[in-house]
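Trainee:
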Amino acid sequence: MADNHAGANATKRVLVIGGGLAGITTAIDLADRGCQVTLLERRPYLGGRTYSFVDKESGEEVDNGQHIYMKCCTAYIGLLEKLGVASRTSVQRRMRVPVMDAKRRLSRLASSPLPAPLHLLPSFATYRHLTWRDKRAAAKAILAMRKLSFDQRRALDDVTFADWLKRYGQSDATIARFWDLIVIPTLNDPSKRVSASQAIMVFQEGFFRDAHGADVGISKVGLSTLLMKEAQQYIESRGGTVMLGKSLERLEGSLEGIDRARLYSEPPIVADAYVLAVPPRLLRKLLPDGLAKHEFFERGSRLAMSPIVNLHLWFDRRVADFGDFIALLDNEAQYVFDKTPFILPFGSAQGRLSAQDERHPNGGQRLCLSLSAAHKYIDMTNEELVPLMVGELAKAFPAVKGATLTRSIVVRERYATFSPRPGSGKYRLPSRTPVPNLYLAGEWTDTDWPSTMESAVRSGHNAARALLGEN
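Numbering (the working numbering) for the sequence shown: -16 to 454.
1) List the DSSP bridge partners of I51.
2) Using DSSP with H/G/I as helix, E/B as strand and the rest coil, what is E460?
3) How many Å lie between F191 and C55 at the Cα?
4) Would you check if the segment 240 to 253 and the segment 275 to 286 touch, i.e. whether three or more CB-CB distances between them fall below 8 Å?
5) Could you give the DSSP three-state label for I361: helix, strand or coil?
6) DSSP puts G236 in a beta bridge; with which residues?
7) Please give the ranges of any alpha helix (DSSP H) in the segment 228 to 299, keeping only runs that are unbroken, at least 4 residues long and fully inside the region.
8) Any contact of the segment 383 to 396 with the segment 295 to 305, i.e. 3+ C-beta pairs under 8 Å?
9) Mind listing, in chain order, the continuous alpha helix (DSSP H) runs of no fewer than 4 residues lying wholly within the segment 31 to 113?
10) Kindly indicate which residue of R285, S355 and S284 has the alpha-carbon position closest to the one of Q317.
11) When DSSP builds the beta bridges, which residues end up paired with F320?
12) Figure out for me which residue from S442, T428, R448 and S202 has the closest Cα to the Cα of Y34.
13) Tell me the DSSP secondary structure of Q19 in three-state form.
14) Rounded to the nearest angstrom, what separates E43 and N454 at their Cα positions?
15) Going by DSSP, what residue range makes up the alpha helix (DSSP H) through V166?
16) With distances taken from CA atoms, which of I291, P413 and T323 is nearest V302?
17) What residues in its chain sit with their C-beta under 7 Å from that of L380, if we drop five residues either side in the sequence?
18) For the beta strand (DSSP E) containing T400, list its first residue and its last residue.
19) How about V440 and L62: are their beta carbons less than 7 Å apart?
20) Tell me which same chain residues have a C-beta within less than 8 Å of the C-beta of R468, skipping the five on either side of it?
21) Using a 10 Å radius around the Cβ and a threshold of 16 neighbouring Cβ atoms, would you call L231 buried or exposed?
22) Quick check on this structure: which residue in M226, A447, E315 and M78 has the alpha carbon closest to the alpha carbon of L371?
23) For my contact list, A194 and P290 are in at a C-beta cut-off of 8 Å; report their separation, rounded to the angstrom.
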């Protein structure tokens, strides 16, 4: 198949469909190599599932959801650096995750100056939410994970992570109070629903290879402000075109090749190669009828999806002091982020992402609740969901009971990520397709990473390399 795919010299005109991180990265890489790139995005802004908007009532820029990254996300960090916007994010000097249980007992999972994997040992030893027996069992599972080779891990794709953990004596409490603290926000489903291969990959990459791999990074600005303007300027400065608010109706062609892209209300676009950087549920809708039924593309449509719900809550006073974020055990709120606007530069104090005195000291407070694996919340009305979550917050932070909720915004992403369920690896398609001039990008493709910003950027690199004949 490699001989049928156009190389860099033959391919001059490339149409990239989809302006999320995957499409942006693909377009940037191809523009760097001299291709005439057109990036097509149906919405009036770039970003895909990472975007922000200005709340008219508060005037604040609000993200569609709380997106974080870790220092092991080297491709995403590389994109930020390439566009000159890395300074708009702040990264912990060392990982520090405060964890509070239902009795309001606070503990932390944190890195130490020790080399990996010993860097986690001091905080794990003092972690209050597991018994010593549970900690010994967890240590056995950690040692087993570290010994797994790439092929051995990939062979566990048909096993749930919970079942794999139980082979090493993990109790339900250990899974809920330790493993799922990481699994649910990174894989967007709990251990009992996700592939052991994918979950183990998260721990190997984030926690075992490098002492700073799990250091958390957060944008200091809204996601749309972070890099979207710079990405468009970068592409256009290298002769590319960015078409916003323009929708692809369908690609036209056959298994022998794509002939053109038919747009709504615009002339068709003819290119030498085409990249579909779209979610798997849209893939077959954009293909010619004959290709939509092809086994290769049908396979990609079998990926299950998992929702995320984010609540932005404004209170008339400060109700909680926990730093930038906190994990709540036995609480529906899961992870809570302090999004109160800053007075001083974000990330300037004592090696933390922020200091409490940097936030408005006498004003209100805005919290963001990030509900991953939100299957039971996605169809709730705002009238049902907001009081429920305010009540959950009050269990952890009693000051909520005496405060007034002045505003709330609920953002639902029904198809936020794919769910890496057992056996899902075979549904993650490669960048190359059976069609000689058609390529795929997207965090759901076979990057070996979960459905993250890192995976999206990696997929863009993969698509560009495949198109250029480099892999």
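From the three backbone atoms N, C-alpha and C, an ideal C-beta is built for every residue, glycine too.
From a predicted model like this one, the values you see are computed outputs, not experimental measurements.
Mentor: Quick answer:
1) Answer is I201.
2) Residue 460 falls outside the range modelled here, since the chain spans only -16 to 454, and no answer is possible.
3) A straight-line Cα-Cα distance of about 11 Å links F191 and C55.
4) Between the segment 275 to 286 and the segment 240 to 253, the count of C-beta pairs closer than 8 Å stays below three; the two stretches do not touch.
5) Coil, per DSSP.
6) Bridge partners of G236: I241.
7) If only complete runs of 4 or more residues are kept, the segment 228 to 299 shows the alpha helix (DSSP H) at 263 to 266, 272 to 275 and 278 to 283, in order along the chain.
8) By the Cβ criterion, the segment 383 to 396 is in contact with the segment 295 to 305, since at least three pairs of Cβ atoms, one from each stretch, lie closer than 8 Å.
9) Counting only runs of 4+ residues, the alpha helix (DSSP H) found wholly inside the segment 31 to 113 occupies 57 to 65 and 104 to 108, in chain order.
10) With distances taken between Cα atoms, Q317 lies closest to S355.
11) For F320, which the question treats as bridged, DSSP gives the partners F308 and C351.
12) Nearest option by C-alpha distance: S202.
13) The answer is strand: DSSP assigns Q19 an E or B state.
14) As the crow flies, the alpha-carbon of E43 is around 44 Å from that of N454.
15) Counting along the chain, the alpha helix (DSSP H) containing V166 begins and ends at D163 to L170.
16) Answer by Cα proximity: T323.
17) One point to set straight first is that residue 380 is Phe, not Leu, in the sequence displayed. Setting aside the 5 residues that flank it on each side, F380 is surrounded in the same chain by V302 and A303, each with a C-beta closer than 7 Å to its C-beta; the list follows chain order.
18) Taken as a continuous stretch (DSSP letters only), the beta strand (DSSP E) holding T400 covers L388 to F401.
19) Against a cut-off of 7 Å, the Cβ pair of L62 and V440 comes out as a contact.
20) Outside the modelled stretch of the chain, which goes from -16 to 454, sits residue 468, for which no answer is possible.
21) Burial call: buried.
22) Comparing Cα positions, the closest option is E315.
23) No, A194 and P290 are not in contact; Cβ-Cβ is about 34 Å, not under 8 Å.
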